[in-house]
Amino acid sequence: SFYHAAMSLLLAFIQPTSLSGAVVSGGELILLLSFRFYDKVLSLHEDPAAPVANPLLAFTLIKRLQSDWRNVVHSLEASENIQALKDGYEKVEQDLPAFEDLEGAARALMRLQDVYMLNVKGLARGVFQRVTGSDVTDLYSPRRIFSLTADDCFQVGKVAYDMGDYYHAIPWLEEAVSLFRGSYGEWKTEDEASLEDALDHLAFACFQAGNVSCALSLSREFLLYSPENKRMARNVLKYERLLAESPHQAVAEAVIQRPRVPHLRTRDTYEGLCQTLGSQPIHYQIPSLYCSYETNSSPYLLLQPIRKEIIHLEPYVALYHDFVSDSEAQKIRELAEPWLQRSVVASGEKQLQVEYRISKSAWLKDTVDPMLVTLDHRIAALTGLDVQPPYAEYLQVVNYGIGGHYEPHFDHATSPSSPLYRMKSGNRVATFMIYLSSVEAGGATAFIYANFSVPVVKNAALFWWNLHRSGEGDGDTLHAGCPVLVGDKWVANKWIHEYGQEFRRPCGSNPED
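Given below as structure tokens:
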């Protein structure tokens, strides 16, 4: 919606007939700027009906419509020449991306940088490369290379800088400084930052990271462009004094540690599995893992058996290929889209928005459309379980946007106070997850303790048991939704509860069953 709002305003402005009498003395300059900015935005997103798969394009589109367009509207040229542009901007401002959208997009790029070990210089050039030592691996080759500007890189670095995260701030600000140096003297109306801004932020980030020598060098360079800046002059004196007192700091190489995440003790395993992009190169060598046509002895499936692939045995995980059709997947997405809201997680008795789950979701009752009733019948026939409320939850549809992810978690409740028990139908005994779209890279489902991951397979469904037959949670089902590197990931979850399944999946004598 914000894309259409901004483009409508730009089109209205650059067509003089729609703003009769608006172009006054000097107005040709701002008109030219708007033409150039319109082309710049249009080049990012030529098909407004299609999702933006490339996270770099998504970030820059949000930035163009959030800070860049605002800078054009409130520039000196605009303020001197035309009020109509500002009036039009104010009318659509509420439909444009907010700063939190831009901040979220920048965090998403940093998340992708971490999980997939992406090189910042490569990202700035529009390529997705993992660099480990002297090895460079292309994770994804976009059909169209799009480079970030100096101001783009500065904005990503500044988001990290404002959080006190110098591990991420420094490489992005370094890239911003490098690009600003190469274009020094070329001022763009839409830019928010300059070389001096980038040097200022990078110098302080280096100082905070313990690299006083680097901070001094950057501060001295800043004074070449802005010699009257007294604050920076004081910083230079401070850094010189520190180096004189501790000469070893002049040659010491500061090592910045990546910020730790207290709740994510399995980070290395999780990210390693995500980096495989769902590849299972030796599964074909294991005889107990096989493919078959599944009917589950159900008359419903006799004439249309489902292709089943056993992915893992402990925990039991099966992938059902072509479980839904293209038209069914599209219909589910269309039904859910108007109701999407930021996803939440259970925390004690509350539902909270958290950084470790970035997505939007909606719940669909089977009364919304007859197709959902058909879908429930198909799930019941395939699993042999009762999927009618209250023995199962309504269908949850989830959309993962730029860098969308869900860090390692259990689907079943691990606390007696969990909101899941409000249904009074026991814990989640099983998960049935349908992939409603494909992605170009990333987005795999990683099972952490079981040490395997499953790629996104459009129209397929992934099934696993969350509980042992004893009713105890299966710790090996700890799993995660890896960040979407490139693409637009949609899934639909059907969570089936214990009650109602007593004779469909009876208790066993072995607690491990």
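Positions -21 to -1, 1 to 492 (mature numbering (1 follows the signal peptide of the UniProt record, and there is no 0)) are the ones given, in order, by the sequence shown.
Yeah, the Cβ is synthetic: ideal placement off N, Cα and C, and Gly gets one too.
Applying the 10 Å Cβ sphere with the 16-neighbour rule, what's the burial state of Ser404?
Looking at its Cβ environment, which holds 16 or more other Cβ atoms inside 10 Å, Ser404 is buried.
May I ask you to list the residues that DSSP assigns as paired with Arg321?
Partner(s): Lys339.
Here's the rule I'm using: 16 or more other beta-carbon atoms within 10 Å means buried, otherwise exposed. How should His476 be labelled?
By the neighbour-count rule (16 or more Cβ atoms within 10 Å), His476 is buried.
Give every residue of the same chain whose Cβ lies closer than 8 Å to the Cβ of Ser205, excluding the five residues on either side of it in the sequence, and list them in chain order.
Cβ within range, chain order: Glu175 and Met211.
Hey, how far is the Cα of Trp151 from the Cα of Val99?
Spanning the two alpha carbons is a distance of roughly 7 Å.
Does the Cβ of Lys209 have 16 or more other Cβ atoms within 10 Å, making it buried, or fewer, making it exposed?
Per the 10 Å Cβ criterion, exposed.
With distances taken Cα to Cα, identify the nearest neighbour of Thr353 among Val303, Pro317 and Asp390.
Nearest option by C-alpha distance: Val303.
For the alpha helix (DSSP H) containing Leu203, name the first residue and the last one.
Start and end: Val191 to Tyr204.
Can you check the stretch 334 to 422 for any alpha helix (DSSP H) of at least 4 residues that lies completely inside it and give the ranges in chain order?
Listed in chain order, the complete alpha helix (DSSP H) runs (minimum 4 residues) inside the stretch 334 to 422 are 349 to 362.
What number of angstroms, rounded off, separates the C-alpha of Lys137 from the C-alpha of Lys42?
Lys137 and Lys42: Cα-Cα distance of roughly 13 Å.
Between Val366 and the rest of its own chain, which residues show a CB-CB distance below 7 Å, the 5 nearest in sequence each way excluded?
Here the set comprises Asp355, Ile358, Ala359, Lys473 and Ile475.
Identify, in the order they occur along the chain, each residue of the same chain with its Cβ nearer than 6 Å to the Cβ of Leu252, setting aside the five sequence neighbours on each side.
Counting only Cβ-Cβ distances below 6 Å, and skipping sequence neighbours, we find Ala425 and Ser432.
Is the stretch 462 to 469 touching the stretch 316 to 336 in the sense that three or more CB pairs, one from each, lie closer than 8 Å?
No, they do not touch.
Apart from the five residues just before and just after Leu127, which ones in its own chain have a Cβ nearer than 6 Å to its Cβ?
If we look at Leu127 and ignore the five residues flanking it on each side, its Cβ neighbours are Ala103.
For Trp166 versus Pro294, is the C-beta distance shorter than 8 Å?
Contact flag unset, no.
Tell me which same chain residues have a C-beta within less than 7 Å of the C-beta of Thr(-5), skipping the five on either side of it?
Per-residue confidence for Thr(-5) stands at a pLDDT of 38, beneath the threshold of 50, marking its modelled position as unreliable; the derived number appears in the next sentence. Taken in chain order, the list of residues that qualify is empty.
Does the beta-carbon distance from Ala155 to Ala148 come in below 8 Å?
The answer is no: Cβ separation not under 8 Å.
Excluding five sequence neighbours on each side, which residues of the same chain lie with their C-beta closer than 6 Å to the C-beta of Phe133?
Result list for Phe133: Ala155, Ala172 and Ala177, in chain order.
Quickly, what does DSSP pair Ile289 with across the bridge? List them, please.
DSSP output for Ile289 lists Ala297 as bridge partner(s).
Leaving out the 5 sequence neighbours to the left and right, which residues in its chain are closer than 6 Å to Gly(-1) when beta-carbon positions are compared?
Note on Gly(-1): pLDDT 43, under 50, position unreliable in the model; the coordinate value appears next. Within the same chain, Gly(-1) has no close Cβ partners at all.
Quick one: what's got a C-beta closer than 6 Å to Gly101's C-beta in the same chain, skipping five residues either side?
Cβ within range, chain order: Gln108.
What residues in its chain sit with their C-beta under 6 Å from that of Leu158, if we drop five residues either side in the sequence?
Around Leu158: Ala129.
Rounded to a whole number of angstroms, what is the C-alpha to C-alpha distance between Pro226 and Tyr95?
Taking the straight line joining both Cα atoms gives about 38 Å.
Run through DSSP, which three-state label would Tyr428 get?
Correct three-state label for Tyr428: coil.
On the CB-based measure, 16 or more other CB atoms within 10 Å of its CB, does Leu10 come out buried or exposed?
Any answer about Leu10 is weak, because its pLDDT of 49 lies below 50 and its placement is not dependable; what the coordinates show is given next. It counts as buried.
Output the distance between the C-alpha atoms of Glu169 and Gly380, rounded to the nearest integer angstrom.
Near 26 Å, if we compare the C-alpha coordinates of Gly380 and Glu169.
Where does residue 520 fall in DSSP's three states?
Outside the shown range of the chain (-21 to 492) lies residue 520, about which nothing can therefore be said.
Report the start-end ranges of each alpha helix (DSSP H) in the stretch 106 to 147 that is 4 residues or longer and not cut off at the edges.
For the stretch 106 to 147, whole alpha helix (DSSP H) runs of length 4 or above, ordered along the chain, are 129 to 141.
Contact defined as beta carbons within less than 8 Å: I believe Ala188 pairs with Ile235. What is the distance between those atoms, to the nearest angstrom?
With a Cβ gap of about 5 Å, Ala188 and Ile235 count as contacting.
In the DSSP assignment, the beta strand (DSSP E) including Ala177 goes from what residue to what residue?
It is not in any beta strand (DSSP E) - Ala177 instead sits in the alpha helix (DSSP H) that spans Leu174 to Gln187.
Nearest-angstrom Cα distance between Pro434 and Tyr119?
So the alpha carbons of these two residues sit roughly 15 Å apart.
Rounding to the nearest angstrom, what Cα-Cα distance links Tyr414 and Asp301 in this structure?
Spanning the two alpha carbons is a distance of roughly 10 Å.
The alpha helix (DSSP H) with Val240 in it runs from where to where?
Neither: Val240 is in no alpha helix (DSSP H) and is coded neither H nor E.
Can Tyr440 and Tyr279 be called in contact, C-beta distance under 8 Å?
Correcting the residue type first, residue 440 is Ala in the shown sequence and not Tyr. No. Outside cutoff.
With a 10 Å radius around its C-beta and 16 neighbouring C-beta atoms as the bar for buried, classify Phe78 as buried or exposed.
It counts as exposed.
What are the residues that DSSP puts in a beta bridge with Phe442?
Bridge partners of Phe442: Ala297 and Phe411.
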